[in-house]
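Asks: When you read off a place in the sequence shown, starting at 1, and then add 4, the result is the number in the numbering used here.
A virtual CB, placed ideally from N, CA and C, is assigned to each residue, including glycine.
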Amino acid sequence: MLKENVGTIDRVVRVVLGLALILGYFLNPDSAYSWAYWLGIIPLATGLVKSCPIYSVLGLSTCPMKK
């Protein structure tokens with residue numbers, strides 16, 4: 005499985021942002037760049053699985069340190 009590297013606050017922000025973007029598609033489906041709203045799947049997915057591939061590549065983590 006993937007290593008968890010997304011902390012709680014980061015997770016909440018990602019899920020809310022992802023859901024807001026996807027909701028934007030349904031509220032404004034006739035806009036010129038309506039397909040761009042579907043990019044909200046990326047932050048939604050990384051928030052739900054608690055792992056971000058870009059954080060892994062860069063060696064970052066927002067998870068709290070274990071004692």
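Do you know how far the Cα of GLU8 is from the Cα of ARG15?
Replies: Each residue's Cα considered, the two are about 11 Å apart.
Asks: With burial defined as no fewer than 16 other Cβ atoms inside 10 Å of the residue's Cβ, what is the status of VAL10: buried or exposed?
Replies: Buried, because 16 or more other Cβ atoms sit within 10 Å of the Cβ of VAL10.
Asks: Tell me which same chain residues have a C-beta within less than 7 Å of the C-beta of THR50, skipping the five on either side of it?
Replies: Only VAL10, ARG18 and CYS56 meet the Cβ criterion.
Asks: By the three-class DSSP mapping on this structure, what secondary structure does SER35 have?
Replies: Residue state, collapsed to three classes: coil.
Asks: Per DSSP, what kind of secondary structure is SER55 in: helix, strand or coil?
Replies: Coil at SER55, not helix or strand.
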